[in-house]
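In my numbering, the protein residues as written are 107 to 231.
Structure first, then comments.
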């Protein structure tokens with residue numbers, strides 16, 4: 107049985123970077139010495155993946171962790187880290203997150219036509 111564990115991208119450092127870096131939505135690389143919180147994404151309608159989305163972690167009300175993925179167009183998706191082996195699930199909204207293991211061992215999350223590649227570690231039981 108395979109279990110996917112989502113790796114919280116630089117979890118300890120994500121709260122320490124400048125808010126302006128998050129608001130850039132990954133359009134540009136961060137300045138030297140700043141946390142690179144960008145991930146590969148393919149927003150609905152895009153032809154290819156680009157390192158153009160950013161991630162931001164926060165505590166969820168009632169416990170757990172929330173991941174906010176910000177797209178370059180200003181839109182965002184919120185996911186909840188899970189402990190059931192799937193990695194993440196939609197945190198709110200009407201659309202369900204579809205999670206699968208990508209060929210390069212990252213999690214591919216699709217929600218509402220948007221695709222995101224998140225780092226993961228696979229544990230085999």
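Each residue gets a CB set at the ideal place from its N, CA and C atoms; glycine is no exception.
These numbers were taken from a predicted model, which means no experiment stands behind them.
* Asked: At which residues does the beta strand (DSSP E) containing residue 212 begin and terminate?
  -> Taken as a continuous stretch (DSSP letters only), residue 212 belongs to no beta strand (DSSP E), as it is neither H nor E.
* Asked: Going by the CB atoms, is the gap between residue 207 and residue 194 shorter than 8 Å?
  -> no
* Could you check which residue in 159, 157 and 222 has the C-alpha nearest to that of residue 196? => 222
* Asked: Taking the alpha carbon of residue 165 as the point to measure from, which residue in 186, 199, 191 and 227 has its own alpha carbon closest?
  -> Residue nearest to residue 165 within the set 186, 199, 191 and 227 is 186 (criterion: CA-CA distance).
* Among residues of its own chain, excluding the 5 on either side of residue 211, which ones have a beta-carbon nearer than 7 Å to its beta-carbon? -> 226 and 228
* If you check the beta carbons only, do residue 171 and residue 163 fall under 8 Å apart? -> yes
* **Contact belief for residue 135 with residue 142 at Cβ below 8 Å, rounded distance in angstroms** => Yes, residue 135 and residue 142 are in contact; Cβ-Cβ is about 7 Å, under 8 Å.
* Asked: Within 10 angstroms of its Cβ, does residue 150 collect 16 or more other Cβ (buried), or is it exposed?
  -> Per the 10 Å Cβ criterion, exposed.
* To do: Would you mind working out which of 161, 183, 179 and 138 sits nearest residue 216, comparing C-alpha positions?
  => 183
* Asked: From this set, 168, 199, 179 and 205, which residue's C-alpha is nearest residue 190's C-alpha?
  -> 205
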